[in-house]
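Counting along the sequence shown from 1, when you hit position 157 you're at 1470 in our numbering, and nothing is skipped either side.
All residues carry an ideal CB built from backbone N, CA and C; glycine is no exception.
Okay, structure first, notes after.
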Amino acid sequence: MSKRNKSNVDLNVDLEMLRSTLDSYVSGVNIEDEEIHYTASLFLNWLNTKTNLINNEKLFKKPDNINIRRGSVVWVDFGFNIGDEFGGKHPAIILKVSGKKAFVLPLSSKTPKNPNEPMYVKVENVKRFKNMVRWGNVLNITGVSIQRIDFSNIPGSVKGEVLDEISNSIKIAGVR
1314 MSKRNKSNVD
1324 LNVDLEMLRS
1334 TLDSYVSGVN
1344 IEDEEIHYTA
1354 SLFLNWLNTK
1364 TNLINNEKLF
1374 KKPDNINIRR
1384 GSVVWVDFGF
1394 NIGDEFGGKH
1404 PAIILKVSGK
1414 KAFVLPLSSK
1424 TPKNPNEPMY
1434 VKVENVKRFK
1444 NMVRWGNVLN
1454 ITGVSIQRID
1464 FSNIPGSVKG
1474 EVLDEISNSI
1484 KIAGVR
């Protein structure tokens, strides 16, 4: 995206361009193909959610009664993403909180094809979450606004050993 002059912005033109693009996208969706239809719906719902997040950004305040810190596990809405990027609502381990941003390791219940590769961390138990095995891929560590965290659920937690395994996987996988 090219850098635009802030004084030369026409929101009506931008809005009309977006409407045109979305109309073209929706009219091109094959409603007979259930998967494509569902994906289009997820995308449009994410645009609505993202717009609401932006609208409420200045008013957002993390609930005082919920403490998130390293080792906490929270539900995060990673949004609608492209290709193999991590998206949707998933539990994530908080690795670091910095102001209004948190660095997290998203978790999945799906066993990786090659679980012994160094980027994968097996999480046997998350306290206060459904008892099941989860997996983290340290290559998916990302920074998110704390607005993406679902504070309606009580955070879970992982043991220090899991955090040690994550740190070790980061080193072995070459993530810096």
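Check	Outcome
Helix, strand or coil at D1397 according to DSSP, with G and I counted as helix	coil
Segment contact flag, the region 1458-1478 with the region 1425-1432, C-beta cutoff 8 angstroms, min 3 pairs	no
Residue(s) in a DSSP beta bridge with Y1433	N1450
Check whether G1449 and I1406 have beta carbons under 9 angstroms apart	yes
Rounded Cβ spacing between W1359 and F1399 (contact assumed at less than 8 angstroms)	About 14 angstroms separates the two Cβ atoms, so there is no contact after all.
Host beta strand (DSSP E) of D1492 (start-end)	Outside the shown range of the chain, which is 1314 to 1489, sits residue 1492, and nothing can be said about it.
Local conformation of V1475 per DSSP, three classes	helix
Residue span of the alpha helix (DSSP H) that contains F1416, given as start and end	Looking at the DSSP string, F1416 is not in any alpha helix (DSSP H); the run it does join, the beta strand (DSSP E), is 1414-1421.
Cβ contact (3+ pairs, closer than 8 angstroms) linking the region 1371-1384 and the region 1335-1355	no
S1411 to K1375 span [Cα, whole Å]	13 angstroms
Whole-angstrom distance between N1378 and E1478, CA atom to CA atom	29 angstroms
Inter-residue Cα distance where the pair is N1325 and L1331	10 angstroms
Span of the alpha helix (DSSP H), counted from its first residue to its last, around L1408	Where L1408 is concerned, there is no enclosing alpha helix (DSSP H), although the beta strand (DSSP E) it sits in stretches over 1402-1411.
Whole-angstrom distance between N1444 and V1451, CA atom to CA atom	22 angstroms
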